[in-house]
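Report on one structure; see the data block that follows.
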Amino acid sequence: MAKSLIVLLLFNLVLLISSVAGVAKSVGDRARKQAVGETLLSEQLFEIIKLYQTEDPVGLPGATIPDPMRIPDIRQSVSIATIYMTKMEVYGMSKFRIRYFHTELNSMAVQSQIAIENIEVKGNYTMNALFNRADGPFTVNMKNVLTKANVSLAVNREGQLHTDNIELDIAFEDMAMDFQNLGFMGSIFQSVVNSASNMVYDTIKPYMLSEAYKKIREEVDARIQNVTLENNFILPNSITPLDMAIGEVRILVRNKGFDPFLVPDYNNTAGIFGMRTMHTWLKGGSSFYRYGDISVTMEHNTATVGMHVATQR
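Per mature numbering (1 follows the signal peptide of the UniProt record, and there is no 0), the sequence shown runs over residues -22 to -1, 1 to 291.
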């Protein structure tokens, strides 16, 4: 689960860095660093586009999630019994679907909802109650699992990007639990088994979330540091990376000769009316700036880019 969130966050990060990496003192450095950013973006982006051309996209390119995933042993006292759960593995974590993904590029924040149809936990248990004992394999089935995540980036005093805030939550629609080899003690242990399902979820949830927190923060911060060190740039903490990137695009528009822009001559006749334009120049095309938010949203397998841009004159 954490890996899928990391890929989503890195997708947002690369959108920023691919432009920001062009900030340099010379045109040669700028071109080289922009090429690095474009490579980072294009490879991941084309893989994502290819996946979402399918009817029912599952997973995400680059999200190498361990499946099955090991869970630490559990020892818990429940009612009149003590239950030990060992050798537990979680199956189905890699078969996720992105229900919703929204990123605000100006605030460097990502919101996502990731759904998994079925998660299965398998392991062994030992249950002791008074003078009775039972042991054997067990299975926990969680259906329609939904993970919600809010992750944001920030620029520290040294000009380095880092993860600023992470919020995660996991919920499910239904859960069933099956203990094998209860035998004649099944009726006695039934109340224990019923409460054990919640116990397993309550125990697994913090572990999964803590692992996700740790992996997201460590991997994203490590990749950010690698990109910034390789491209030798820092960011000002008084201006957002997006506005910094827009400033670079304005320079690029001028360097490419698009401001002023020579409009091709136009000639059209309709009946007795005619219209002809010649030597028409458009000026001010490089004076654009961000008027509002710029966002990328993906929902129902459809990606939408929202932009609010204005020009000075």
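Positions of the beta carbon are idealized from the N, C-alpha and C atoms, including for glycine. Predicted model, so just to flag it, every value in this text is computed and none were measured.
| Query | Result |
| --- | --- |
| Whether N122 touches E98 by CB criterion (9 Å) | no |
| Those residues which DSSP pairs with Q54 across a bridge | I61 |
| Member of P44, N110, S130 whose CA lies at the smallest distance from the CA of L146 | S130 |
| Distance between beta carbons of G262 and R228, contact taken as under 8 Å | Contact flag wrong, Cβ pair sits at about 11 Å. |
| Backbone secondary structure at I224 - three-state DSSP | helix |
| Outcome for T81 when other beta-carbon atoms lying within 10 angstroms are tallied against a minimum of 16 | buried |
| Candidates P44, F157, A59, T64, of which the one nearest P50 by Cα | T64 |
| Which residues DSSP lists as bridging L240, in chain order | W259 |
| A127 and S90 closer than 9 Å at C-beta | yes |
| I272 - DSSP class collapsed to helix/strand/coil | coil |
| 7 Å CB neighbourhood of L108 in its chain, flanking five on each side removed | I58 |
| Reference R77; option with closest CA among A93, E67, A87 | A93 |
| Nonlocal neighbours in the same chain, by C-beta distance under 6 Å from A288, ignoring five residues either side | Y269 |
| Assigned secondary structure, L18 (DSSP; H/G/I helix, E/B strand, else coil) | Here L18 scores only 49 on pLDDT, less than 50, and its place in the model should not be relied on; the value that follows carries that caveat. L18 falls in the helix class under three-state DSSP. |
| D45 and S72 closer than 9 Å at C-beta | yes |
| L260 versus A248: straight-line alpha-carbon distance, rounded | 26 Å |
| From T282, G70, V118, residue whose alpha carbon lies closest to that of Y103 | V118 |
| Selected residue, minimal CA-CA separation from F116, among F74, Y62, V88, T125 | Y62 |
| Classification of M256 by the beta-carbon crowding that lies within 10 angstroms, buried from 16 upward | exposed |
| Inter-residue spacing [alpha-carbon to alpha-carbon] between R111 and E95 | 34 Å |
| Secondary structure of N159, DSSP reduced to three states | coil |
| Same chain, Cβ closer than 8 Å to E67, neighbours up to 5 away in sequence not counted | P46, M47, R48, I49, V99, K100, G101 |
| C-alpha distance - N245 paired with G252, whole-angstrom precision | 8 Å |
| Alpha carbon of G15 to alpha carbon of N159, nearest angstrom | A caution first: G15 carries a pLDDT of 47, below 50, which makes its placement in the model unreliable, though a value can still be read off. Rounded to the nearest angstrom, the two C-alpha atoms are 57 Å apart. |
| Collapsed DSSP secondary structure at L146 in the structure displayed | strand |
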